[in-house]
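Taking our numbering, the leading residue of the sequence shown gets 63, the next gets one more, and so forth.
Built from N, CA and C at the ideal position, the CB exists for glycine as well.
All figures in this text were calculated on a predicted structure; none of them were measured in a lab.
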Amino acid sequence: RLSTVPRFMKPEEIQHLLDSCDLTTTKGQRDYTIMLLLARLGLRPGELVAMRLDDINWDTAELLVRGKGQRFDRLPIFKDVGKALATYLRRGRPRCLARHVFVRLNAPHREFVSSSVISAIVRQAIDRAGLNPVCKGAHVLRHSLATNMIQKGASLTEIGVVLRHRCPSTTELYSKVALGALRELAQPWPEKKA
């Protein structure tokens, strides 16, 4: 499980991805908001699918996240995320009876059927932006957040908190991208004496 290095995008690639969304269109606004939530809060695709209008507390700037295994967490809504979310809800989200935040753009306007829809949105945006990361699904944005954090000096414990990992061993995967820390741990190869 820990044999591979996490697939991630560089911060400038993520910014290019976000900038490639046409915010003058309903689809562009929705896609931008989805990718910003994935990239800034490290949400899982299923958490976006499950997100409901009542999960947003504008007064406290908090978002209730319906996580894996019936787990509920509260995350702060950063200013840029809040602005995108508010704009999408006011101008981009189709009027409908569905209580989910993200709904289909075409009628009938109802919630997404699965998290694969979120990954498809991210893949389409990556292709549209002309990017070519090794991994193109929604999880690449979550991995990118963690990788960027560790490269800026965050501890594995801090990353585990942000990503809401239950078990610290889940976060260990990101230790492989901390090249500076790994260099400090590396020992010279023992040379054979003649």
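Work out the CA separation of residue j and residue i for me, nearest whole Å.
i: residue 80; j: residue 254; result: 53 Å
i: residue 188; j: residue 198; result: 7 Å
i: residue 126; j: residue 118; result: 7 Å
i: residue 191; j: residue 95; result: 16 Å
i: residue 220; j: residue 226; result: 10 Å
i: residue 40; j: residue 76; result: There is no way to answer for residue 40, as the model of the chain reaches only from 63 to 256.
i: residue 170; j: residue 155; result: 13 Å
i: residue 245; j: residue 210; result: Confidence at residue 245 is low in this model, with a pLDDT of 47, below 50, so its placement is unreliable and no value can be given for it.
i: residue 70; j: residue 203; result: 7 Å
i: residue 90; j: residue 143; result: 15 Å
Quick check on this structure: which residue in the options has the alpha carbon closest to the alpha carbon of residue i?
i: residue 113; options: 203, 122, 135 and 224; result: 135
i: residue 121; options: 109, 140 and 107; result: 140
i: residue 161; options: 168, 202 and 172; result: 172
i: residue 177; options: 130, 209 and 89; result: 130
i: residue 103; options: 186, 147 and 213; result: 147
i: residue 74; options: 168, 167, 193 and 181; result: 193
Let's see if you can read the secondary structure: which residues bound the alpha helix (DSSP H) around residue i?
i: residue 258; result: Nothing can be reported for residue 258, as the shown portion of the chain is limited to 63 through 256.
i: residue 84; result: Looking at the DSSP string, residue 84 is not in any alpha helix (DSSP H), and its letter there is neither H nor E.
i: residue 204; result: 201-213
i: residue 146; result: 141-149
i: residue 109; result: 107-112
Which term fits residue i, buried or exposed, when burial requires 16 or more other beta carbons within 10 angstroms of its beta carbon?
i: residue 98; result: buried
i: residue 206; result: buried
i: residue 83; result: buried
Counting along the chain, where does the beta strand (DSSP E) carrying residue i start and finish?
i: residue 124; result: 124-128
i: residue 138; result: 134-138
From the DSSP output, read off the bridge partner residues of residue i.
i: residue 118; result: 125
i: residue 165; result: 173
Under the criterion of a Cβ to heavy atom distance below 6 Å, does residue i qualify as lining the ligand HEM?
i: residue 187; result: Ligands in the displayed structure: none, and consequently the ligand HEM is not present.
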